[in-house]
Amino acid sequence: MKIYKYIGVALMVLSLGACKTDDLERDIDALKDRVTAMEAKVDRLNESMNMIRVALDGNKTIQCYTENEDGSYTLTLSDGNTITLTQGEIGATDVYQEVSISTDGNWVIGGVETKHHAVAVDGVPGVTPQFRLAMESEGKYYWEVSYDVSKLTWEEVKNQQGTRVYASASGSSSVAGPIASAAPNATGDKFEITLTGSGTKYEIPIVSGLACAITEPNPENMENGYWIVPTNTGATTSIDLKGEAVLISAPEGWTVTASIDNSNPTTLSVTPPNQDGAEGVIILQVHKGLHWAIDQIKVRSKKVITSWYQEFLAGAEIVVNDVTIKKGSADNKVVINGEEVDLTVDLIDTDNAEITADGLYFIEAGLNVTYKNSQNKNKVLINDSPTGEKPVVTCTNTITLNGTSLICKNVALKLNENATYRFLTINTNNAPYVAFDGCNLEVPSTATQNAFCYASTAVAINSFTLHKSKIKIDKSTEYNIISVGKDNFVNFNSISVENTIFYGNNASTFKLFGVNNGNTTNAGIGSLVLRNTTFLNMHYAGYGIVNGDISTMIVKNNIIYADNNNNNVTVFRKRGNSSASLQATDGEVADNIGYIIGDFYLNLWQGDTPPLENAEKIQKLDASPFESLDKSTGTYVLKPEYQGYGATIE
5 MKIYKYIGVA
15 LMVLSLGACK
25 TDDLERDIDA
35 LKDRVTAMEA
45 KVDRLNESMN
55 MIRVALDGNK
65 TIQCYTENED
75 GSYTLTLSDG
85 NTITLTQGEI
95 GATDVYQEVS
105 ISTDGNWVIG
115 GVETKHHAVA
125 VDGVPGVTPQ
135 FRLAMESEGK
145 YYWEVSYDVS
155 KLTWEEVKNQ
165 QGTRVYASAS
175 GSSSVAGPIA
185 SAAPNATGDK
195 FEITLTGSGT
205 KYEIPIVSGL
215 ACAITEPNPE
225 NMENGYWIVP
235 TNTGATTSID
245 LKGEAVLISA
255 PEGWTVTASI
265 DNSNPTTLSV
275 TPPNQDGAEG
285 VIILQVHKGL
295 HWAIDQIKVR
305 SKKVITSWYQ
315 EFLAGAEIVV
325 NDVTIKKGSA
335 DNKVVINGEE
345 VDLTVDLIDT
355 DNAEITADGL
365 YFIEAGLNVT
375 YKNSQNKNKV
385 LINDSPTGEK
395 PVVTCTNTIT
405 LNGTSLICKN
415 VALKLNENAT
425 YRFLTINTNN
435 APYVAFDGCN
445 LEVPSTATQN
455 AFCYASTAVA
465 INSFTLHKSK
475 IKIDKSTEYN
485 IISVGKDNFV
495 NFNSISVENT
505 IFYGNNASTF
515 KLFGVNNGNT
525 TNAGIGSLVL
535 RNTTFLNMHY
545 AGYGIVNGDI
555 STMIVKNNII
565 YADNNNNNVT
575 VFRKRGNSSA
585 SLQATDGEVA
595 DNIGYIIGDF
605 YLNLWQGDTP
615 PLENAEKIQK
625 LDASPFESLD
635 KSTGTYVLKP
645 EYQGYGATIE
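Numbering (our numbering), first residue to last: 5 to 654.
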């Protein structure tokens with residue numbers, strides 16, 4: 005356990021009227037003196053508590069010590085930390101409460117037993133109280149204590165009468181600190197510490213040349229007291245081990261090496277198991293003669309994936325939004341959300357490759373691939389590298405789903421120039437899943453079709469998810485992401501669009517979900533989630549961005565931006581240009597913002613009737629929410645006051 009100093013000082017604010025410069029300087033000097041005194045007071049108390057912790061744990065020795073002119077001792081511990089220890093009467097203006105340990109092993113402060121253990125109980129280590137001063141009024145301070153390792157929670161120190169314990173600022177009788185006496189024994193091989201409250205005496209061995217100190221890694225490698233160790237590379241940190249031999253205790257599955265060099269620091273090397281979130285404690289114990297010194301550090305593994313293909317072969321699950329994919333019972337078997345299907349599995353590692361059969365394809369980062377649809381099986385495209393450049397997949401004809409799924413992770417999909425086909429068509433059987441996670445989708449200006457996905461004849465998709473993606477639409481005439489034909493009973497059970505950006509070349513006739521006005525019965529969405537999504541010049545004036553019947557809708561933290569509009573902009577409408585009001589049965593509509601130019605309306609829903617009770621109107625801004633905006637790439641920086649709205653794609 006590392007020992008740290010925690011100093012909490014509340015600074016007062018001086019209210020000064022007109023006064024001479026000398027008076028001002030004198031007041032400032034007095035303030036500095038009081039602050040310095042408060043800091044010293046807190047220092048002394050917390051150093052004493054840290055020393056008591058060392059005595060209680062019994063896992064450290066003292067390498068050496070020096071006696072200071074004021075009678076205090078500076079101790080260098082076996083873990084490399086130093087403590088300056090003041091014993092007994094520690095200042096005429098210091099008011100402390102006595103500290104002791106009850107028979108139950110709990111801390112007793114000022115005669116009041118706490119519920120916090122000073123010694124380990126059932127394998128749970130004891131805690132070390134740390135103190136600070138809080139200001140009640142100018143010149144009047146009271147003690148607070150924290151039993152929280154991270155010092156996030158504090159409470160007032162109370163006396164036996166249940167009132168605050170104050171630290172006097174001037175002229176009171178001296179009160180002993182928590183340690184009544186502290187000094188080396190007559191033979192110089194032990195340091196003796198006696199507590200004020202109970203008179204209990206502890207002995208800490210003084211052993212020269214015995215050290216066991218783990219240097220805490222850089223803060224960016226620490227999280228809530230744990231050393232975060234990547235699985236692919238492991239990690240190292242400096243250690244100072246002096247003595248005769250070292251014993252290493254490590255969590256199951258961890259590989260740990262450490263060696264002694266009595267002249268120089270050495271290195272602690274740690275390799276975690278190949279899994280995420282494996283936790284434990286690494287303990288080093290060094291002995292010299294009959295004495296032992298111990299130090300430890302908490303560790304947690306961080307799974308680092310370099311190849312999804314290798315992870316898949318090893319049996320790992322790959323998650324794409326609401327779809328989970330893993331290896332099946334044979335090489336040509338894949339389990340998609342618990343259902344095993346026949347599917348080719350392959351790794352594409354050459355540029356300009358052609359995919360001529362449906363299957364599960366892992367594509368190396370940055371490659372260019374052509375997808376030629378030829379079968380009616382599931383289609384799964386995954387960037388083999390979790391962090392590498394997206395491979396570009398050019399679709400040479402429509403991807404048709406007939407009771408099968410399209411699942412894409414971290415890839416870029418595009419159409420050929422002058423394409424006369426759409427990306428996706430749902431045939432006569434419902435598609436279980438269409439999922440895009442971290443994808444770039446691009447529609448060229450020369451594309452002739454007006455929809456990304458088309459569904460008709462009473463079929464639809466069970467789950468359509470579009471997360472962490474960017475959709476570029478250069479087509480300036482009407483374009484729908486999902487287009488529903490004129491037939492009734494075309495339903496999408498669930499649509500989820502989150503953390504996604506729609507942008508392009510001034511398309512002002514855009515719909516995310518469009519239902520033809522000829523549809524009069526059951527054409528729409530069962531559950532819609534539209535959250536943290538940004539529409540840049542993507543709208544369809546009064547016709548709405550989303551059409552159709554909707555049962556449940558969660559619409560939050562979105563941005564609607566248009567500097568190309570010449571009319572009102574509406575987000576939700578019943579269907580087509582229907583004048584009927586959209587009504588949902590459940591959900592939440594809140595915290596959406598928008599900006600359009602001109603003296604036009606910006607409405608979330610057509611007409612004055614909200615789709616849900618308590619649905620909030622969109623907040624129409626007087627100015628752009630962006631500090632900077634590049635509409636050609638769909639990148640922007642939000643103004644500070646609008647952080648948390650729209651998509652944040654790295």
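Where is the CB? At the ideal position from N, CA and C, for every residue including glycine. Because the structure is a prediction, the values reported are computed rather than measured.
Endpoints, alpha helix (DSSP H) assigned at residue i
i, result
"glutamate 315", "312-317"
Residue i, enclosing beta strand (DSSP E) - first and last residue
i, result
"phenylalanine 468", "465-471"
"histidine 291", "283-292"
"threonine 259", "259-261"
"isoleucine 403", "403-405"
"asparagine 561", "Element bounds for asparagine 561: n/a, residue is neither H nor E."
"proline 188", "183-188"
"arginine 304", "295-306"
"proline 614", "Looking at the DSSP string, proline 614 is not in any beta strand (DSSP E), and its letter there is neither H nor E."
"valine 2", "For residue 2 there is no data in the structure shown, the boundaries of the chain being 5 and 654."
"serine 242", "239-246"
"phenylalanine 506", "505-508"
"phenylalanine 604", "Element bounds for phenylalanine 604: n/a, residue is neither H nor E."
"proline 629", "Run containing proline 629: none; DSSP gives neither H nor E here."
"cysteine 668", "Lying outside 5 to 654, the shown extent of the chain, residue 668 is not represented and no answer is given."
"serine 389", "Serine 389 -> no beta strand (DSSP E), and no H or E assigned at all."
"leucine 272", "270-275"
"asparagine 572", "Per DSSP, asparagine 572 belongs to no beta strand (DSSP E) and is neither H nor E."
"tyrosine 151", "Segment: none, tyrosine 151 is in no beta strand (DSSP E) and carries neither H nor E."
"alanine 217", "215-218"
"glutamate 502", "495-502"
"arginine 535", "528-535"
7 Å Cβ shell around residue i - same chain, five flanking residues per side excluded
i, result
"serine 632", "Tyr640, Val641"
"lysine 394", "Asn387, Asn414, Val415, Ala416, Asn444"
"glycine 648", "Asn561"
Backbone secondary structure at residue i - three-state DSSP
i, result
"alanine 416", "strand"
"methionine 226", "strand"
"isoleucine 549", "coil"
"asparagine 54", "helix"
"tyrosine 640", "strand"
"alanine 451", "coil"
"lysine 205", "strand"
"lysine 45", "helix"
"tyrosine 437", "strand"
"glutamate 645", "helix"
"leucine 364", "strand"
"aspartate 61", "helix"
"alanine 651", "coil"
"histidine 120", "strand"
"leucine 586", "coil"
"leucine 251", "strand"
"asparagine 372", "strand"
Close Cβ partners of residue i (< 6 Å) along its chain, the five nearest in sequence each way excluded
i, result
"threonine 574", "Gly546, Gly548, Asn607, Gln610"
"serine 473", "Phe440, Cys443, Thr504"
"isoleucine 32", "A caution first: isoleucine 32 carries a pLDDT of 47, below 50, which makes its placement in the model too unreliable to give a value."
"valine 131", "His120, Tyr151"
"serine 242", "Thr219, Pro269"
"threonine 402", "Tyr425, Arg426, Thr429"
"glycine 407", "Asn433"
"glutamate 421", "Pro448, Thr450"
"threonine 398", "Thr374, Lys418"
Test: residue i CB closer than 9 Å to a CB of chain B
i, result
"glycine 203", "Among the protein chains of the structure shown there is no chain B, as only one such chain exists."
Beta-bridge pairing of residue i - partner residues as DSSP gives them
i, result
"tyrosine 145", "Met139, Ala171"
"lysine 515", "Asn484"
"cysteine 457", "Leu428, Ile486"
"glycine 598", "Ile564, Lys624"
"tryptophan 111", "Ile105"
"proline 129", "In the DSSP output, where bridge partners are listed per residue, proline 129 has none listed."
"glutamate 71", "Tyr77"
"isoleucine 340", "Ile329, Glu343"
"valine 161", "DSSP, once it has assigned bridges, lists no residue as partnering valine 161."
"glutamate 727", "Because the chain in this structure spans residues 5 to 654, residue 727 falls outside the shown range and cannot be described."
Chain-order list of residues whose beta-carbon lies under 8 Å from that of residue i (same chain, five-residue window excluded)
i, result
"alanine 187", "Tyr77, Gln91, Phe195, Glu196"
"asparagine 572", "Ala545, Gly546, Phe604, Tyr605, Leu606, Asn607"
Any non-hydrogen atom of the ligand ZN closer than 8 Å to residue i Cβ
i, result
"asparagine 607", "No copy of the ligand ZN appears in this structure; indeed no ligand is present at all."
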